[in-house]
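Throughout, my numbering is defined as the position within the sequence shown, counted from one, plus 37.
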Amino acid sequence: MLQSTTSLSPSASIIASWTHENWNPVLGCEIASPGCSHCYAMEIAGRLLKKNVQKYKGLVDLSKRHPVWTGIMRPDFDRLKRPYAWKKSRLVFVNSMTDLFHDPVPDSYLLKIWEVMAKTPWHHYWLLTKRPERMRHFIEKIAKVTLPNLWLGASVEHAQTLSRIETLRKVPAAIRFVTFEPLIASVGTPDLRQIDLIYVGGESGDRARPMRTEWIEAIFKACRRDGAGFCFHQWGTYGEDGIKRNRKENGNLFKGKTWNEVPPSAYDSVIEASQKWEKTKEEKKLRASVQKLTPKAQENDLFDTISPLHDLKK
Ligand code: SF4
Numbered sequence: 038m039l040q041s042t043t044s045l046s047p048s049a050s051i052i053a054s055w056t057h058e059n060w061n062p063v064l065g066c067e068i069a070s071p072g073c074s075h076c077y078a079m080e081i082a083g084r085l086l087k088k089n090v091q092k093y094k095g096l097v098d099l100s101k102r103h104p105v106w107t108g109i110m111r112p113d114f115d116r117l118k119r120p121y122a123w124k125k126s127r128l129v130f131v132n133s134m135t136d137l138f139h140d141p142v143p144d145s146y147l148l149k150i151w152e153v154m155a156k157t158p159w160h161h162y163w164l165l166t167k168r169p170e171r172m173r174h175f176i177e178k179i180a181k182v183t184l185p186n187l188w189l190g191a192s193v194e195h196a197q198t199l200s201r202i203e204t205l206r207k208v209p210a211a212i213r214f215v216t217f218e219p220l221i222a223s224v225g226t227p228d229l230r231q232i233d234l235i236y237v238g239g240e241s242g243d244r245a246r247p248m249r250t251e252w253i254e255a256i257f258k259a260c261r262r263d264g265a266g267f268c269f270h271q272w273g274t275y276g277e278d279g280i281k282r283n284r285k286e287n288g289n290l291f292k293g294k295t296w297n298e299v300p301p302s303a304y305d306s307v308i309e310a311s312q313k314w315e316k317t318k319e320e321k322k323l324r325a326s327v328q329k330l331t332p333k334a335q336e337n338d339l340f341d342t343i344s345p346l347h348d349l350k351k
């Protein structure tokens with residue numbers, strides 16, 4: 038059973054009241070495939086560099102017509118521990134400005150990010166990548182844990198990147214999701230077995246590429262055939278009629294309605310952790326002690342609160 042926006046389950050209602058947050062403990066990236074060509078993060082980083090924000094120095098090349106990532110990446114230690122300070126549960130998009138699994142990010146730093154997520158089970162994390170091979174290797178061989186408050190996803194923009202779904206299917210995860218956004222070409226009727234939900238969306242911005250209704254129809258059919266939830270984000274700069282206009286005017290209706298088919302149990306573990314966090318003094322003491330930990334102490338404390346690797350999917 039999937040959950041649509043028309044009748045929210047109690048869990049979905051709780052989650053809907055939580056604040057959304059972007060958490061970027063890594064800076065910089067590099068184009069992986071055509072879906073990256075108009076990367077909004079690259080544009081934002083370029084704008085910040087032009088305003089002399091020093092932490093982006095060397096990460097984007099401003100000599101081209103539009104800013105382009107250089108492939109240099111660096112950690113942002115100030116942001117790394119930020120989730121400990123958020124007093125209320127949040128919905129956290131991890132690395133909205135980069136791809137955590139690009140090669141320059143060392144396993145040792147990925148482990149630190151995993152530690153923060155493991156020790157803040159009252160937050161819900163989404164992690165999306167265009168490099169699922171590295172994600173699989175890291176989770177299976179390095180982290181060796183599945184976090185119940187972490188959803189793992191792969192981004193697929195055209196048929197040449199469909200193999201990312203094959204890889205994602207093998208990654209142990211509480212929830213696996215695929216984003217077909219920006220959908221810039223047909224992906225046919227993809228194999229979505231063992232994928233919990235998918236998001237579809239068109240590209241926005243001046244240089245956007247149009248998305249066609251028949252491409253979405255084919256993905257919708259695959260969802261119905263394989264049991265994956267279907268979520269529709271937006272049409273983007275080109276509407277259903279193929280006309281270029283403001284993204285907000287084009288809206289987010291498909292087949293005349295909104296779509297947000299999230300499995301009702303998808304947030305159960307994080308809601309439970311959140312309620313525990315709010316109610317028990319012991320949990321609050323733990324939070325205080327975590328905030329006081331020195332970097333050295335955190336090194337020694339890695340992964341002492343998380344369960345061994347297991348695939349939560351039955
Ligand atoms: S992987 Fe993501 S952040 Fe990196 S260039 Fe591509 S779209 Fe941008």
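Cβ atoms here follow ideal geometry from the backbone N, Cα and C, with glycine treated the same way.
* Asked: Going straight from the alpha carbon of Asn297 to that of His103, what length do you get?
  -> 34 Å
* Strand pairing of Phe128, partner residues [DSSP] -> Reading the sequence as shown, one finds Leu at residue 128 and not Phe. Paired residues: His57, His161.
* Asked: Does the distance from the CB of Ala361 to the CB of Val237 come in under 7 Å?
  -> No statement about residue 361 is possible, as the shown extent of the chain runs from 38 to 351 and does not include it.
* Contact between the stretch 109-120 and the stretch 139-150: three or more CB pairs below 8 Å? -> yes
* Ser145 to Glu67, Cα distance in whole Å? -> 20 Å
* To do: Helix, strand or coil for Ile68, going by three-state DSSP, please let me know.
  => coil
* Applying the criterion that 16 or more other CB atoms from any shown protein chain within 10 Å of the CB defines a buried residue, is Ile256 buried or exposed? -> buried
* Near Asn271, what residues of its chain come up, given a Cβ to Cβ distance below 8 Å and the 5 sequence neighbours on each side ignored? -> In the sequence on display, residue 271 carries Gln and not Asn. Hits under 8 Å: Gly238, Gly239, Ser241, Arg284, Asn287, Gly288, Asn289.
* To do: Could you tell me the boundaries of the beta strand (DSSP E) in which Trp296 lies?
  => It is not in any beta strand (DSSP E) - Trp296 carries neither H nor E in the DSSP assignment.
* **Same chain only: Cβ atoms within 6 Å of Val129, ignoring 5 sequence neighbours per side** => Glu58, Trp60, His160, Tyr162
* **Those runs of the alpha helix (DSSP H) which lie wholly inside the stretch 180-258 and span at least 4 residues** => 200-206
* Asked: Can Lys124 be considered in contact with the ligand SF4, in the sense that its beta carbon sits closer than 6 Å to one or more heavy atoms?
  -> no
* Please work out which residues of its chain come closer than 6 Å, Cβ to Cβ, to Pro158, disregarding the five sequence neighbours upstream and downstream, and give them in chain order. => Asn186, Ala310
* Asked: Quick one: is Glu203 buried, meaning 16 or more other Cβ sit within 10 Å of its Cβ, or exposed?
  -> exposed
* To do: Check whether the Cβ of Ile68 lies closer than 6 Å to any heavy atom of the ligand SF4, and answer yes or no.
  => yes
* Same chain, Cβ closer than 7 Å to Gly65, five either side skipped, listed in chain order -> Leu96, Trp106, Ile109, Met110, Arg111, Thr135
* Which of helix, strand or coil does DSSP assign to Val63? -> strand
* Three-state class that DSSP yields for Pro47 in the structure shown -> helix
* **Option in Lys92, Ser100, Leu99 with minimal Cα separation from Asp115** => Lys92
* Identify, in the order they occur along the chain, each residue of the same chain with its Cβ nearer than 6 Å to the Cβ of Arg171, setting aside the five sequence neighbours on each side. => Phe138
* To do: Please name the residue in Arg127, Ile52, Ile176 whose C-alpha comes closest to that of Trp151.
  => Ile176
* Asked: Out of curiosity, what's the CA-to-CA distance linking Arg127 and Val307?
  -> 10 Å
* Glu194 versus Arg168: straight-line alpha-carbon distance, rounded -> 13 Å
* Return the chain-ordered list of same chain residues with a C-beta closer than 7 Å to the C-beta of Lys94, the five sequence neighbours on each side being excluded. => Leu86
* **Rounded distance between the beta-carbons of Asp305 and Ala265, thought under 8 Å** => Actually they do not touch by this definition, with Cβ atoms about 19 Å apart.
* Thr204: CB within 6 Å of a non-hydrogen atom of the ligand SF4 -> no
* To do: Tell me, please, which residues DSSP counts as bridged to Thr166.
  => Ala191
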